[in-house]
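Peer 1: Questions regarding the structure given below will be posed in turn.
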Amino acid sequence: MITVALFGDQPRNVKLAERHHFAINIRKGDISANALAAALNKLLNDKSLGPKEAANPEYSYSQNVKRLSQMVKKRPVSADHLLVAWSEFAAEFKTLENLVPAGTKLNFFQYHSLDVIAFMLTILAVIIFISWKLLKIVLLKIYASFSRVEKTKLS
Numbered sequence: 000m001i002t003v004a005l006f007g008d009q010p011r012n013v014k015l016a017e018r019h020h021f022a023i024n025i026r027k028g029d030i031s032a033n034a035l036a037a038a039l040n041k042l043l044n045d046k047s048l049g050p051k052e053a054a055n056p057e058y059s060y061s062q063n064v065k066r067l068s069q070m071v072k073k074r075p076v077s078a079d080h081l082l083v084a085w086s087e088f089a090a091e092f093k094t095l096e097n098l099v100p101a102g103t104k105l106n107f108f109q110y111h112s113l114d115v116i117a118f119m120l121t122i123l124a125v126i127i128f129i130s131w132k133l134l135k136i137v138l139l140k141i142y143a144s145f146s147r148v149e150k151t152k153l154s
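The numbering of the sequence shown is numbering that gives the first Met the number 0, which starts it at 0 and goes up by one.
Rendered as structure tokens:
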């Protein structure tokens with residue numbers, strides 16, 4: 000598979016596909032006929048890929064895809080079985096308070112941490128205000144000392 004990650008979760012998915020050796024990524028800024036030809040050539044002809052722990056390290060991209068497909072098909076617990084098991088579990092135990100996220104019991108301000116953000120912004124405003132006042136005092140002292148020096152030189 001030749002991939003070009005554009006937005007969203009695609010960069011993460013592309014890295015996952017590259018890690019499992021069944022995709023080649025081309026950055027969107029590097030797309031050209033030569034880059035596509037090189038990627039396609041590597042995809043069709045490169046046999047030096049595969050898991051390092053495999054007995055035969057001579058894997059191609061297509062063999063890696065077939066291997067992953069078999070792993071998904073022969074998964075110990077199927078999605079259908081999980082759905083049935085969780086449905087039976089929920090039917091048997093009715094309400095499951097331990098599975099309800101704690102965030103559902105918070106109000107809007109707590110959920111979005113608006114009280115914490117307001118506190119931090121207040122602290123930041125106080126620090127900026129104090130810094131401004133101190134800077135103003137220091138600059139006035141410096142200005143006053145230079146103006147006194149010039150007055151004494153003029154006299």
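We put the beta carbon where it would ideally sit given N, CA and C, even for glycine. Since we're looking at a predicted model, the values are computed, not measured.
Am I right that V3 and K27 are in contact with their C-beta atoms under 8 Å? What's the rounded C-beta distance?
Peer 2: 5 Å
Peer 1: Taking only three categories from DSSP, how would you classify T2?
Peer 2: strand
Peer 1: Taking only three categories from DSSP, how would you classify I129?
Peer 2: helix
Peer 1: Taking all protein chains shown into account, do 16 or more other C-beta atoms lie within 10 angstroms of the C-beta of A22, making it buried, or fewer, making it exposed?
Peer 2: buried
Peer 1: Identify the continuous alpha helix (DSSP H) that holds A36 and give its terminal residues.
Peer 2: 32-44
Peer 1: Given that a residue counts as buried once 16 or more other Cβ atoms are within 10 Å of its Cβ, and exposed if not, what is H111?
Peer 2: exposed
Peer 1: Can you grab the Cα-Cα spacing for the pair K132 / A34, in whole Å?
Peer 2: 59 Å
Peer 1: How should A20 be labelled, buried or exposed, when 16 other C-beta atoms within 10 angstroms of its C-beta is the threshold for buried?
Peer 2: Correcting the residue identity first, residue 20 is His in this sequence and not Ala. It is buried - the Cβ of H20 has at least 16 other Cβ atoms within 10 Å.
Peer 1: Contact check, D45 vs S59 under 8 Å by CB: the rounded distance?
Peer 2: 7 Å
Peer 1: Buried or exposed for V71, please, with buried defined as at least 16 other CB atoms from any protein chain shown within 10 angstroms of its CB.
Peer 2: exposed
Peer 1: I'd like the list of long-range same chain contacts for A54, defined as Cβ closer than 8 Å, with 5 residues on each side in sequence excluded.
Peer 2: Reliability fails at A54, whose pLDDT of 41 lies under 50, so the model's placement of it is uncertain and no value is given.
Peer 1: Using only the alpha-carbon positions, how far apart do K65 and L120 sit?
Peer 2: 55 Å
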